[in-house]
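Notes for the one structure printed next.
Numbering (the numbering used here), first residue to last: 155 to 929.
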């Protein structure tokens, strides 16, 4: 059916029918349920009808994987790839790309006109659309849906989220007729287990058949380390052996520290998890791969994989991770110790996933995993067509209770939340194509605005609570039918009378001390005092025994009224928060000479074409000329600093040498530009990230310089690069790839000098050597 050699599930058939009927479709299903089949059916429809289809993914690695998968399935001539740094067969019927590339196409920048970009495109698949939740990149998915022409069918593939009907309703509103296909069915069901290291080799079911916590599980004692005789010397090896004995391998062991990944892998180095045939196969495949990638020859993890164990995290070289993934997919790696990034999309399903803890370190200390994080890791368990059940094992720790683990295992998915945030580039691109009023209409189409009622609902409830309290106080039941205003007026006259009497007494006392006459103005003050007293006595409050109580209640009411007024202001702000941020960016662009009469100036074309954390900051650097006379190795050094985020603890290593003198001078000038932008943003109450982190700059200088030398003066090898520092090689590769991305923009961006563009091209050629050019 539908070109597949197996019977499709009902939800797949339903989604395919909607696509055939010309409707956009949101498919919400667990990891491993078979969402890709639905995308493949759209590919079949496109090929049969002579139309084109775009398949977007959130990650370059995923795009590369899909490109190779589709090339094998549909022929290399029919498949293209666009990832910003790679362009292959861009006019093919099937084009795989990152979502950022698709968004850029919709703006009509870099990739040509919108009409040319989308010529004959019938379908766009937005894989992993739940990335809308991503703090840094979620805006891209919203822009892609809002700006995509309505004649194109969108096929949005999402992991399970709590508010998929809301997402579908939003797409119905801003794009075209959209149907939701939802299932919580998993072809390979999950079973949850609990491992207590105080009971070696004991892996207990977490839940009873009726979904209750297994009462045989005991909480881990925080003082368990005193009972040394009960604690296994190597719990990681113990759990690996226990899983091996129960035929629950291959497994992915998730931990939240790169260092822990490497340490845990080493702890299992002596385990023999492979058969002799499997070992021979690993040696054969590894030797072949290293022959093609000789820079991996002395990789310290090489011996581990020969025993069926590996680590997988961002600190490792991409080429090494590719080898690990290939061996794992062939069943030749039995235990992978990985960070949670492995859970985000790469095709590495296992029989079992182990979660080392249900808490992780965040920006503000440790926090519990969210339901989505737990589900994402759990969802890697169970291989369709190979396993009847997927196993999820949570390792007990003294800092979590079994009850908390059970609650997380039983919890539903989190809702999608808009992370939409206007940028300088967005403002300029919209005002290039639309009037200010039209731009406002587009901003009001965001998922964030559409779902603002959910965000504002708690505020409205609080406002309603304040109003109920105010109304209750207003209905205080005065026996003389006075209003709260009457009480306040009485209080006013009473206060004036008391103040006047106090003043008169003070003047009398002062005159008495000086043994002189009372000042003549005292008589006038007495007359005013009598007038205030009469006004005061005209109110029934003057003799009312309930006055004090009523007065206190009115003071409380006044406080509630202040709170209600503040809350109302916050509600109005939240309703319009995206547009206010848009206007704030617009104002800064005007003050910077990039916008005039709501249209980009020639100067504004530079930030308009850039794609980085803070386009105005980068544009001001380009326009200042600070980069114009740098040699390629110096330019690479500076751009590396502009591309790299601040290092976190896990990434830090021995600091390399400081960059050269010209680079340091450029940094000084860039700091001045940074301060100027910071003042503008502070005055407008917005903040956009500005990077200038030089930790890898010297390495960039050294790598580019070495690779630009003559053949008779050999380049520095990759291994020699790290002779005097211990940065993670994977971090450096990623930094250099980001550097290439930004350098590539400098070769084509508006208003860049010819010298700068040429130096950027030369720097790219020098950087993009093995292992940087290995995906």
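Where is the CB? At the ideal position from N, CA and C, for every residue including glycine.
Worksheet entry | Cα-Cα separation, residue 843 to residue 578 | One C-alpha to the other measures close to 12 Å.
Worksheet item: Rounded to the nearest angstrom, how far is the Cβ of residue 187 from that of residue 340, given a contact under 8 Å?
Response: That pair is a contact at about 6 Å.
Discussion item. Rounded to the nearest angstrom, what separates residue 868 and residue 921 at their Cα positions?
Written reply: Annotation note: pLDDT 48 at residue 868 (below 50); position unreliable, no value reported.
Discussion item. Would residue 787 and residue 875 qualify as a contact pair, given that the criterion is a beta-carbon distance under 8 Å?
Written reply: Their beta carbons are not under 8 Å apart, which means residue 787 does not touch residue 875 by this criterion.
Worksheet item: With a CB to CB cut of under 7 Å and the five nearest residues on each side skipped, what residues in its chain are close to residue 641?
Response: Cβ within range, chain order: 695, 704, 705 and 708.
Fill in: Residues that DSSP places opposite residue 208 in a beta bridge
Per DSSP, 249 and 278.
Item to complete: Following the continuous alpha helix (DSSP H) through residue 578, name the residue where it begins and the one where it ends.
Response: If you look at residue 578, you'll find it in the alpha helix (DSSP H) that goes 578-587.
Worksheet item: Mind checking residue 612: buried by the 16 CB within 10 Å criterion, or exposed?
Response: Under the 10 Å beta carbon count, residue 612 is surrounded by fewer than 16 other beta carbons and is classified as exposed.
Practice prompt. Return the first residue and the last residue of the beta strand (DSSP E) that residue 464 is part of.
Written response: Start and end: 463-466.
Worksheet entry | First and last residue of the uninterrupted beta strand (DSSP E) at residue 307 | Its beta strand (DSSP E) spans residues 307-312.
Worksheet item: What is the C-beta distance between residue 507 and residue 405, in whole angstroms, given that I count them as a contact (C-beta under 8 Å)?
Response: Contact between residue 507 and residue 405 holds, with the beta-carbon distance rounding to 7 Å and staying under 8 Å.
Worksheet item: Closest to residue 936 by CA distance: which of 781, 438, 218 and 371 is it?
Response: As shown, the chain starts at 155 and ends at 929. That puts residue 936 outside it, with no answer to give.
Fill in: 6 Å Cβ shell around residue 804 - same chain, five flanking residues per side excluded
Its pLDDT being 45, under 50, residue 804 is placed unreliably in this model, and the coordinates cannot settle the point.
Item to complete: Buried or exposed for residue 757, please, with buried defined as at least 16 other CB atoms from any protein chain shown within 10 angstroms of its CB.
Response: Burial call: buried.
Worksheet item: Which two residues bound the contiguous beta strand (DSSP E) that contains residue 336?
Response: Taken as a continuous stretch (DSSP letters only), the beta strand (DSSP E) holding residue 336 covers 332-336.
Practice prompt. Indicate whether the contact test is met: 3 or more Cβ pairs, each with one atom in the region 280-299 and one in the region 533-542, closer than 8 Å.
Written response: No, the region 280-299 is not in contact with the region 533-542.
Worksheet item: Going by Cα to Cα distance, which pick from 410, 599 and 248 is closest to residue 516?
Response: Taking only the C-alpha atoms, the option nearest residue 516 is 410.
Worksheet entry | Residues of its chain near residue 294, where Cβ-Cβ distance is below 7 Å and the 5 sequence neighbours each way are ignored | If we look at residue 294 and ignore the five residues flanking it on each side, its Cβ neighbours are 253, 254 and 257.
Worksheet item: In chain order, what residues of the same chain lie with their CB nearer than 6 Å to the CB of residue 174, ignoring the 5 residues before and after it?
Response: There are no such residues.
Discussion item. Buried or exposed for residue 379, going by 16 or more other Cβ atoms inside 10 Å?
Written reply: The predicted position of residue 379 is uncertain, since its pLDDT is 47 and thus under 50; a value taken from the coordinates is nonetheless stated next. Flag for residue 379 reads exposed.
Worksheet item: If we count the other Cβ atoms within 10 Å of its Cβ and call it buried at 16 or more, is residue 595 buried or exposed?
Response: Around the Cβ of residue 595, a 10 Å sphere holds fewer than 16 other Cβ atoms; the residue is exposed.
Discussion item. According to DSSP, simplified to helix, strand and coil, what is residue 804?
Written reply: Note that residue 804 scores a pLDDT of 45, beneath 50, so its modelled location is shaky and nothing firm can be said.
Worksheet item: Which of the three DSSP states, helix, strand or coil, is assigned to residue 711?
Response: Collapsing the DSSP output to three states places residue 711 in a helix.
Worksheet item: Leaving out the 5 sequence neighbours to the left and right, which residues in its chain are closer than 7 Å to residue 416 when beta-carbon positions are compared?
Response: Closer than 7 Å at the Cβ level, and outside the excluded window around residue 416, lie 465.
Practice prompt. State the Cα-Cα distance for the pair residue 763 and residue 903, rounded to the nearest angstrom.
Written response: Answer to the nearest angstrom: the Cα atoms are 6 Å apart.
Discussion item. Between residue 447 and residue 928, how many whole angstroms is the CB-CB distance? I'm expecting something under 8 Å.
Written reply: A Cβ-Cβ distance of about 7 Å is found for the pair residue 447 and residue 928, placing them in contact under the 8 Å criterion.
Worksheet item: First and last residue of the beta strand (DSSP E) that includes residue 140?
Response: The requested residue 140 does not occur in the structure, where the chain is confined to residues 155 to 929.
Practice prompt. Select from 568, 550, 557 and 556 the residue whose C-alpha is nearest the C-alpha of residue 528.
Written response: When each option's Cα is compared against that of residue 528, the closest is 568.
Discussion item. Between which residues of its own chain and residue 200 is the CB-CB distance below 8 Å, once the five residues before and five after are set aside?
Written reply: Correct list, in chain order: 206, 207, 247, 248, 276 and 277.
Fill in: Inter-stretch contact at 8 Å, needing at least 3 Cβ pairs: the region 788-798 / the region 907-922
With three or more CB-CB distances shorter than 8 Å, the region 788-798 counts as touching the region 907-922.
Discussion item. Just to confirm the assignment: which complete beta strand (DSSP E) runs, minimum length 3, are found wholly within the region 636-703?
Written reply: If we require 3 residues or more, the region 636-703 turns out to have no beta strand (DSSP E) run fully inside it.
Fill in: the ligand GTP heavy atom lying under 7 Å from the CB of residue 695
For the ligand GTP, the structure offers nothing, since it holds no ligand at all.
Fill in: residue 543 burial status per 10 Å Cβ neighbour count (16 or more: buried)
Counting other Cβ atoms within 10 Å of its Cβ, residue 543 stays below 16 and is therefore classed as exposed.
Worksheet item: Bridge partners of residue 508, per DSSP?
Response: BP columns for residue 508 point to 407 and 547.
Discussion item. Taking the beta carbon of residue 408 as the centre, do at least 16 other beta carbons fall within 10 Å, making it buried, or is it exposed?
Written reply: Classification for residue 408: buried.
Worksheet entry | Status (buried if at least 16 other CB within 10 Å, exposed otherwise) for residue 856 | By the 10 Å Cβ count, residue 856 comes out buried.
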